[in-house]
Structures are given as C-alpha cells and as structure tokens.
Amino acid sequence: MRIYVVSVLVASAALAGCNTILGISDLTTAGIDAGGDAASQACTPTTTRACYTGAAITANVGACHDGIQTCQPSSTWGPCVGEVVPGPEICANGADENCSGAADEDVDLDHDGFTTCGGDCCDSVECAEPALVNPGAYDLEANHLDDDCDGAMDDPPLCDDGLATNASDPRDFARAMDLCPDATTDARRWGVISATWTLTDGTGVADPRSHAVRDRFGTAVVPHAGAALAVLSSGVAADADDLDPAFANNVSTQRMQTAPVPADWLAAHNGALPVAPGCPAPNALTANDPVMLTLQIRVPVNARSFAFDSDFFTWEFPEWVCSPYNDFLVALLDSTWNDVPANPRDKNLAAYRDAQQKIWPVGVNLATLDAGLFTQCVNGAVGCAVLGGMTATITTCTGTDQLPGTGFETGTPGMCTTASVPGGATGWLTTRGNVVGGETITLRLAIWDTSDGAYDSTAVIDHFRWSGTPTSPGTVHD
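For the sequence shown, the working numbering gives the first residue as 116, with consecutive numbering after it.
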C-alpha cells in the first residue's frame with residue numbers, strides 16, 4: 116500500500132477560474148513517514164499512526180480525512196482503517212465529496228464527458244489519469260483505484276447470479292462469461308450492445324442444445340469468476356449430470372446442421388482451413404453442427420485489451436489427433452486497433468504462435484504440439500485411427516482431474532494404448548486481444564465439427580475481463 120501518492124498531471128491552466136479548487140501550488144507530499152512505502156516499514160507491535168491512501172493533495176480536504184494504522188504482531192503496518200478518500204461529488208448538498216477544495220462544483224476539467232456532479236470521482240488531481248476514471252470506465256482488477264466511480268476499488272462487475280441453465284437469450288451467455296453490463300444509449304457507457312446466436316456464416320438459428328449456462332462442468336471445472344460458466348458445443352452443451360439440455364453421448368451426437376465457416380477467416384487463409392503444422396487438411400470447408408455467438412461491445416474508455424479463459428474438450432482425442440477431423444474453436448475479433456502488438460491478421464485470437472512463428476488454432480490438433488496446451492489426458496500414442504497408423508505421441512498431459520463428470524471420460528478406454536482414456540481437454544487457456552478505448556468491437560465465438568458431425572467437442576468459457584494495457588494477442592496457458 117502506498118501512502119499519499121501525489122499526482123501532478125493537471126496543468127494550472129486547467130484550474131484557471133476555479134480559485135476555490137486545489138491548484139498546483141497545493142501539490143505537496145504529505146507522507147506520514149520519510150521511509151517511503153509505509154506498508155513495508157518495520158514497526159513496534161500495537162503502535163498506531165495516521166494514514167491515508169488517497170492522492171496526497173486531497174488529504175484532509177473536504178470530506179476526506181486520515182484513518183488509523185495499527186502495527187501487527189508481525190511488526191508490519193496493518194490496513195488503513197477509518198479513512199475517507201475522494202468520492203463522486205453530490206451536488207446541492209454543500210459538501211465536498213471529491214475533496215477538491217470546493218463544494219458542489221459541476222465541472223469537467225479532464226474533458227472526459229462526465230462532470231463532478233455527474234458522478235466523475237476524478238476530474239482533476241484526485242488520481243493520476245483523470246480522463247480514464249469516470250462512470251464510463253471499467254474497474255480494472257488489482258490497480259487499487261475506483262476506475263468506475265462506484266465507491267469501491269477493484270470490483271469489476273459480475274452479472275451471472277441466477278441465470279437459467281437453458282437461457283436462450285445470448286446476452287445471458289455473455290453474462291455467464293462475466294461480460295456485462297448491457298450498453299445503454301449513452302455512448303459514454305461501455306457494455307454489450309447486441310448479442311446473437313447463429314451458425315458460423317452468421318445466418319440461420321443455432322440448435323438450442325449447442326449452448327448452455329452452467330454452474331460447473333463435471334465435478335472439477337468451476338467458474339474462474341462469478342457463479343456461472345458459458346458452454347458451447349458441437350454436440351450437447353451438458354456434462355454427464357446436466358439437464359435442460361440433458362447430456363448425450365458426444366461420440367455419436369449429430370445435430371445435422373451445416374454451414375460455411377466464417378468467410379473472412381477463410382479468406383485470410385487463402386480459401387483453405389488452417390491446420391496444425393504437419394497435420395492433414397480437413398476433407399471439406401464445411402462447419403458441421405456449428406454454433407456461433409456474435410457480440411457487439413462498446414469498449415470501456417480505459418481499456419486497451421481484454422482476456423477470457425476457456426477449456427476445450429474433445430471426443431476426437433486420442434485416436435483422431437492430427438487427422439482431417441480437427442474440430443475448431445475460434446474467437447474472431449473486429450477492432451480498429453492498429454498499434455503493437457498487432458492483433459492476428461486472420462482475426463482469430465484462439466490460436467497459439469510457436470517459437471518458429473507457426474500458427475496452431477485451438478482444436479483437436481493442439482495435442483500434437485509439445486508446448487503444454489493440451490494437458491488433460493494420458494501421455495502416449497495418439498492418432499491410432501488415422502489412415503497409416505499412429506501418427507504422434509503426446510507428452511504434455513498432466514492428468515485427468517478435469518475430466519470426471521464431464522462425459523468426456525466415459526467410453527472405451529485403451530483406444531491407442533492400454534493406458535489411454537477416451538476424450539481429453541486442453542485445461543484452462545487464456546485468450547487475449549487488443550482494443551481501442553471507447554470503440555465498438557465485434558467478437559465472434561464459434562465451435563464446430565470438422566469433416567464429419569460425430570465425435571463432438573465442447574468449450575467452457577469464463578472470466579471475461581478488460582485491461583488498461585496492451586497485450587500479446589493469442590491463446591496460451593497462464
């Protein structure tokens with residue numbers, strides 16, 4: 116915890132005419148101890164001292180005042196208790212809640228479109244980057260700042276309590292991913308503008324069994340955030356105990372729907388489906404039993420990237436690894452981002468780029484990559500059903516603890532070796548992409564069977580979050 120952080124980013128001209136508001140001459144360090152970071156300083160247990168974690172310029176101004184720290188038995192300072200730091204200004208009450216030195220001032224000194232009386236809790240010197248802190252921002256995780264001016268720090272919104280497992284509204288699926296709120300007509304506010312279920316070419320109606328909201332998947336795969344998970348499947352989006360939709364044998368489930376794969380993604384690969392290096396091409400360009408969620412999202416003004424977590428399960432493992440039956444999961448991003456690191460040219464964030472710059476799309480054939488992206492399995496031979504015999508050996512499996520109860524652990528064991536189990540999964544992966552703050556993006560999440568409609572695959576998706584810094588786009592194990 117840093118005590119009395121000082122911000123000097125506001126020019127004196129921005130405060131001209133506001134001589135009752137704190138000015139640059141007031142920017143002095145009000146630290147309580149010459150030793151710097153107070154939380155790391157040694158102390159004598161049970162002693163106390165004054166403390167304040169807001170910007171130093173706001174200490175003991177207006178409603179803001181110090182708290183008390185107590186030295187712990189470990190001889191380190193405890194939390195700052197009882198302090199009041201700047202909050203949104205409430206007009207017409209004669210109080211100075213944002214601790215600027217003036218009561219009820221209704222100004223927009225940082226020109227972010229939000230005034231102090233309109234809920235902007237950092238309009239000038241109350242934080243380091245005032246233009247990125249307002250009710251239209253996202254409360255970034257672990258930055259110790261109330262980015263969205265809701266009165267609490269580091270509390271990104273959660274919106275997946277009480278969702279129905281058979282929810283047909285695609286916005287509920289977004290909520291299960293922890294992507295909320297819904298955008299309003301106010302262009303300053305971020306959120307989901309629209310959400311649709313279709314087949315992979317953007318037309319048609321996806322089978323309702325292809326998507327579901329669950330509180331867990333199997334016995335071990337639980338939400339990374341909130342109370343729910345989002346599940347997409349080329350079979351039925353259910354584990355062995357689920358209902359509505361109910362579990363079905365994902366070896367033989369065929370929904371008998373087909374569609375072209377996303378046209379822009381295919382065009383970026385010169386009309387051929389991308390395949391893992393060394394593996395054969397699919398038998399056709401058709402997506403079998405497909406489902407696609409298309410989300411149009413207004414990005415928070417303080418976001419520069421986003422991430423979400425996913426776990427890809429497939430019945431094609433182990434016998435059909437590195438075959439034409441390479442089921443795909445794609446995450447296609449349309450954004451105006453043109454900086455570095457660049458988003459993928461083909462728009463697909465659900466892919467891994469290896470040290471030789473080869474692209475490995477998320478799918479069955481990740482199991483041929485010796486980079487630890489396919490881990491929920493038993494090491495040994497794979498591809499034993501492929502024409503010509505066994506084609507590869509997997510060595511990156513770390514166990515099968517995420518498979519019980521999913522349905523992907525049932526069936527006939529020993530398909531390729533006596534030790535192998537039917538079905539496998541990547542384990543949790545993290546997918547990232549870059550965005551421009553305030554822009555409107557489109558994110559398409561799709562899964563399908565390739566070359567046939569049998570031996571289905573399922574993806575569990577959760578913990579969508581924004582970040583204030585650019586990222587290295589793609590999919591990795593974190």
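Ideal placement from N, C-alpha and C gives every residue a C-beta, glycine not left out.
Indicate whether residue i and residue j have their beta-carbon atoms separated by less than 8 Å.
i, j, result
"valine 599", "cysteine 237", "Limits of the chain in this structure are 116 at one end and 593 at the other, which puts residue 599 out of reach."
"aspartate 254", "aspartate 270", "yes"
"leucine 344", "valine 575", "yes"
"glycine 539", "alanine 500", "no"
"phenylalanine 523", "phenylalanine 428", "yes"
"isoleucine 556", "valine 414", "yes"
"phenylalanine 229", "aspartate 223", "yes"
"alanine 391", "asparagine 494", "no"
"cysteine 492", "asparagine 441", "no"
"threonine 546", "alanine 422", "yes"
"tryptophan 430", "valine 550", "no"
"arginine 324", "proline 285", "no"
"alanine 374", "valine 346", "no"
"leucine 544", "methionine 407", "no"
"serine 349", "aspartate 181", "no"
"threonine 159", "phenylalanine 332", "no"
"proline 245", "aspartate 219", "no"
"proline 188", "glycine 234", "no"
"methionine 530", "proline 519", "no"
"valine 477", "threonine 590", "yes"
Taking just the CA atoms, how far does residue j sit from residue i?
i, j, result
"valine 240", "glycine 216", "11 Å"
"arginine 580", "glutamate 256", "8 Å"
"aspartate 357", "glycine 553", "39 Å"
"cysteine 264", "threonine 163", "30 Å"
"cysteine 242", "proline 389", "47 Å"
"methionine 371", "glycine 568", "7 Å"
"arginine 468", "aspartate 577", "22 Å"
"alanine 111", "tryptophan 475", "Within the shown structure, residues of the chain are numbered from 116 to 593, placing residue 111 beyond reach of any answer."
"leucine 484", "lysine 473", "11 Å"
"tryptophan 312", "alanine 335", "28 Å"
"threonine 513", "serine 438", "23 Å"
"alanine 534", "asparagine 281", "37 Å"
"alanine 383", "glycine 542", "28 Å"
"aspartate 449", "aspartate 461", "10 Å"
"aspartate 148", "aspartate 379", "With a pLDDT of 34 at aspartate 148, under the threshold of 50, the modelled position of this residue cannot be trusted, and the question is left open."
"proline 588", "aspartate 316", "24 Å"
"threonine 511", "threonine 573", "20 Å"
"aspartate 593", "glycine 209", "50 Å"
"aspartate 426", "alanine 486", "16 Å"
"glycine 266", "asparagine 258", "15 Å"
"alanine 387", "glutamine 471", "21 Å"
Should residue i be counted as a contact of the ligand COA given a C-beta to heavy atom distance under 7 Å?
i, result
"phenylalanine 443", "Ligands in the displayed structure: none, and consequently the ligand COA is not present."
Once you ignore the five residues that flank residue i on each side, which residues in its own chain have a CB closer than 6 Å to its CB?
i, result
"aspartate 276", "Ala342"
"threonine 584", "Arg419"
"threonine 508", "Ala496"
"aspartate 424", "His339, Trp543, Thr545, Asp577 and His578"
"threonine 409", "Thr311 and Arg559"
"cysteine 295", "Pro272 and Cys274"
Below 7 Å CB to CB, which residues in the same chain sit around residue i once its five sequence neighbours on both sides are set aside?
i, result
"arginine 290", "Cys274, Asp275 and Leu278"
"cysteine 179", "Gly169, Thr173, Val199, Val200, Pro201 and Cys214"
"isoleucine 308", "Ala298, Gln411, Ile412, Arg413 and Thr555"
"tryptophan 305", "Gly251, Tyr253, Ala298, Arg413, Val414 and Pro415"
"glycine 197", "Gly182 and Ile183"
"asparagine 463", "Trp380, Val445, Ala446, Leu447 and Pro476"
Check the DSSP bridge columns for residue i and list the partner residues they point to.
i, result
"tryptophan 475", "Tyr467"
"phenylalanine 443", "Gly478 and Trp563"
"alanine 157", "Thr191"
"glycine 568", "Bridge partners of glycine 568: none, in fact."
"phenylalanine 427", "Ala574"
"proline 375", "Thr401"
"alanine 297", "Inspection of the sequence shows that residue 297 is occupied by aspartate rather than by alanine. The partner list for aspartate 297 (beta bridge, DSSP) reads Val307."
"methionine 407", "Thr313 and Ala561"
"threonine 546", "Phe423 and Thr590"
"glutamine 184", "Arg164"
"cysteine 492", "Gly514"
"glycine 251", "Paired residues: none, contrary to the question."
"alanine 345", "Val328 and Ile576"
With a CB to CB cut of under 8 Å and the five nearest residues on each side skipped, what residues in its chain are close to residue i?
i, result
"leucine 247", "Asp227, Asp262, Val416, Asn417, Gly552 and Gly583"
"phenylalanine 362", "Val351, Ala353, Asp354, Ala355, Asp356 and Gly522"
"serine 190", "Ala157, Cys158, Thr159 and Pro160"
"threonine 185", "Thr161, Thr162, Thr163, Trp192, Gly193 and Val196"
"aspartate 322", "Arg370, Gln372, Asp404 and Val406"
For residue i, decide whether its Cβ has a neighbour in chain D, counting only Cβ atoms nearer than 8 Å.
i, result
"alanine 561", "No chain D appears in this structure, which consists of one protein chain only."
Tell me whether the segment 542-562 and the segment 442-457 touch, counting them as touching only if at least three CB pairs, one residue from each stretch, are closer than 8 Å.
With the cut-off at 8 Å, the segment 542-562 and the segment 442-457 touch.
Would you say the segment 292-308 touches the segment 392-406, given that touching needs at least three Cβ pairs under 8 Å?
Look at the beta carbons and you see the segment 292-308 not touching the segment 392-406: under three pairs across the two are nearer than 8 Å.
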